[in-house]
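Protein chains in written order, with this note's numbering: chain G, 18 to 311; chain V, 1422 to 1710. Just so you know, even glycine gets a beta-carbon here, dropped at the ideal spot from N, CA and C. None of the values given here were measured: they were computed from a predicted structure. Single-structure report; data block below.
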Amino acid sequence: MVIAQILVNGIISGLAYALFALGFGLAYNTTRIFNFAHGAVYTLAAYSFYTSYVTCGWHILPAAVLSLGIAAAAGIAMDEIVYRPLIERNASLLIPLLSSLGLYTVIVNVIAAIYGNENKTLSPGLQPAYTFGPIILTRIQITIAVVFVFLFSTLLLLLKRTNLGKVIRAMRDDPELLSAMGVSQHRVRLIAFGIGSGFSAFAAILLGLDVGIDPNIGMAALLSGAVAVIIGGVGVFEGAALGALTLGILQSLITWRFSSRWTEAIAFVVLIVFLVFRPEGIAGQRRRVDEIAP
Amino acid sequence: MNYLFHILIIICIYSILALSLNLLVGYTGLLSLCQAAFYGIGAYASVLLMTAAGLSFPLAVLLAMVTTAIISLAISVPSLRLKGDYFVLASLGFQMISFAVLRNWVTVTNGPYGISGIPRPSLLGFEIDGLGSYFIFSGVIALVCALLIYLLTASPFGRVLKAIREDEIATMALGKSTFRFKITAFAIAAAFAAVAGSLFAGYMRFIDPTSFTLTESTFVLTIIIVGGAGNVAGPLLGTVLLIAFPEALRFLPMPDAVAGNVRQIIYGALIVLMLRYRPRGLWGEYEFE
């Protein structure tokens, strides 16, 4: 019955990746900017939560709300200050990608200079755990699952049932046409970055409570998020969750059968295999390669 | 004086790295994030060839270049058909995989503990000892590399690379197999990175995987963005500026760890500012557009 526990652990960490990946995917699919700085937003959210919750001793809820707000504001500010001028001079999308790598470096190193490089714990002591038949779940694992279900359904409702969702999907499909309809691309980009960054704050807080934080968690989150979006299916917002679940289960099985040292490398092998043989991902429609990558 | 020689040696090593990456970024228009992987593979290959196989330095470097070029095919053949950010992602993936292999393949690389006691390079029976002679040695090698890369880019081969950068489909229409040209450029860039890696290993006499991370790949890219891409002068200027300038930080009163962060902050801000206000770099020929 070890396998049941292994699978459940994999699913839960997959759900936590999915929170980040959904936000990253929302921003990536809408803006087509591969935004490394999304990882920096994750680190920023984790440390702002650490400051208010641990250092200042706030209650967990206002601390989480503050961290969410800071993340969303950072996501919006990035686009407004850094990416917008690049896009408005019609630079190729690789230029914001490069810029975002610089932005990531700046933000994460500012945080590291202030807080230091060592790991910090957000919740002292052992997590309370609950037994369900052969499976043991900690309280934070259950919270991750609940928050995921809530946010995933909210996101789906937003995308499928509201006007805003329609505009976001329209931008994903054809940004030029959206402008022709009189909707400002810039505003949709800001919204996508704002919501996407908010999702990464949820992921940062929950995973931070589970395993602690250090300045490099953002890059790890970004990389697994990007892998999840690609293997789930670019252009399909829900695909990110599917990709993240696949990744979480895969990593959990690898850790069990081989060693946790190889999990990251194997994630990237999977990524490259997908990029080469199925660039549209698990859930994506088959399209011509030059349609997918701009 | 020793301190000055140290900086000059590092400049020599990084100018080779920057020139090699420039072949891809500046000439062929391929944004690659895995140059530090080839730098590391080259360093480990030459060290292992010297210590385990007992080869002399020149022979070890040549074989390391060949090995690294062959390994580069493992990533270039599948990923060079990809476009735009997909290629960048694939190269990033290769960077992460290489780092994991260097760190986890303990029987060969000694894992996170690294390899120490690397012998000084010797040429024709003379051991290159002392900072001064190592500087001259690496300076000569860097000059030879720069010359070779210059000749390559001025050749018909180099013109095809530039044509690919400007318009790949038009180049195909002229009957060039752009895929083959890109793979060759990738292998050559990897081989030159291996030279830089070998020089680095011979100089530090100790290597471990942390010298060959994504941060390092990004740093080499920063050199090109700041100095300029698509010619020889840009990357050289970038190397000198980015290595010499942050040394001034050493004289400010702050702890070492924070100084490292401040240096990274400067590099990151330079990427953002250069791409925004001067996309062709200080002395470049090719504009990041």
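Ser117 of chain G is positioned such that its CB atom lies no closer than 8 Å to that of Leu226 of chain G. Note on the region 1577-1638 of chain V: whole alpha helix (DSSP H) runs with a minimum of 4 residues are 1577-1587, 1589-1594 and 1599-1625, in chain order. Flagged as an interface residue toward chain G: Ile1692 of chain V, by a C-beta distance shorter than 8 Å. For Glu281 of chain G, the secondary structure class from DSSP, reduced to helix, strand or coil, is helix. In this structure, the alpha-carbon of Pro102 of chain G lies about 8 Å from that of Arg1697 of chain V.
CA-CA distance, Ile87 of chain G to Leu1510 of chain V, rounds to 28 Å. Apart from the 5 residues on each side of it in sequence, Leu154 of chain G sits with its Cβ closer than 6 Å to the Cβ of Tyr147 in its chain, given in chain order. For Leu154 of chain G, the enclosing beta strand (DSSP E) has its first and last residue at Ile152 to Thr155. At least one beta carbon of chain G lies nearer than 8 Å to the beta carbon of Ser1500 of chain V.
With a contact defined as Cβ atoms closer than 8 Å, Ile248 of chain G and Leu288 of chain G qualify at about 7 Å. Put simply, the region 1555-1573 of chain V touches the region 1642-1657 of chain V. At least three CB pairs are less than 8 Å apart. Per DSSP, reduced to three states, the secondary structure at Glu1706 of chain V is coil, with no helix or strand assignment. Among the residues facing chain G, Tyr1688 of chain V is included, as its CB has a counterpart in that chain under 8 Å away. For Tyr1507 of chain V, the enclosing alpha helix (DSSP H) starts and ends at Gly1505 to Asn1525. Counting other Cβ atoms within 10 Å of its Cβ, Thr138 of chain G stays below 16 and is therefore classed as exposed.
Assignment of beta-bridge partners to Thr1530 of chain V by DSSP yields no partner. Residue-level contact by beta carbon holds for Ile1518 of chain V and chain G, with a gap shorter than 8 Å. For Ser277 of chain G, no CB of chain V lies under 8 Å from its own CB, so it is not counted at the interface with that chain. Listed in chain order, the non-local C-beta contacts of Leu264 of chain G below 8 Å within the same chain comprise Gly31, Tyr34, Ser241, Val244, Ala245, Ile248, Ala284 and Val287, local neighbours out to five positions each way being set aside.
By alpha-carbon distance to Thr48 of chain G, the top candidate from G:Phe210, G:Leu267, G:Ala162 and G:Ala237 is G:Phe210. Using a Cβ-Cβ cut-off of 8 Å, Gly256 of chain G does not count as an interface residue toward chain V, since no Cβ of chain V sits closer than that to its own.
Within its own chain, no residue has a Cβ closer than 6 Å to the Cβ of Ser277 of chain G once the five positions on either side in sequence are excluded.
The residues Leu195, Val200 and Val205, in chain order, have a CB closer than 8 Å to that of Val184 of chain G in the same chain once the five nearest residues on each side in sequence are set aside. Every unbroken stretch of the alpha helix (DSSP H) spanning 4 or more residues and falling wholly within the region 142-223 of chain G is given here in chain order: 156-178, 180-190 and 192-197.
Residues of the region 289-305 of chain G whose Cβ lies closer than 8 Å to any Cβ of chain V, in chain order: Ile289, Leu292, Val293 and Pro296. As the crow flies, the alpha-carbon of Leu1451 of chain V is around 46 Å from that of Val19 of chain G. Annotated as proximal: Phe1627 of chain V and Gly1535 of chain V, with beta-carbon spacing under 8 Å. In this structure Ala1615 of chain V is buried. Its beta-carbon is surrounded by 16 or more other beta-carbon atoms within 10 angstroms. Excluding sequence positions up to five before and after Ala1439 of chain V, its CB lies within less than 8 Å of the CB of Val1641, Ile1644, Ile1645, Gly1648, Pro1656, Leu1657, Gly1659 and Thr1660, all in the same chain and listed in chain order.
When DSSP states are grouped into helix, strand and coil, Phe53 of chain G belongs to the coil group.
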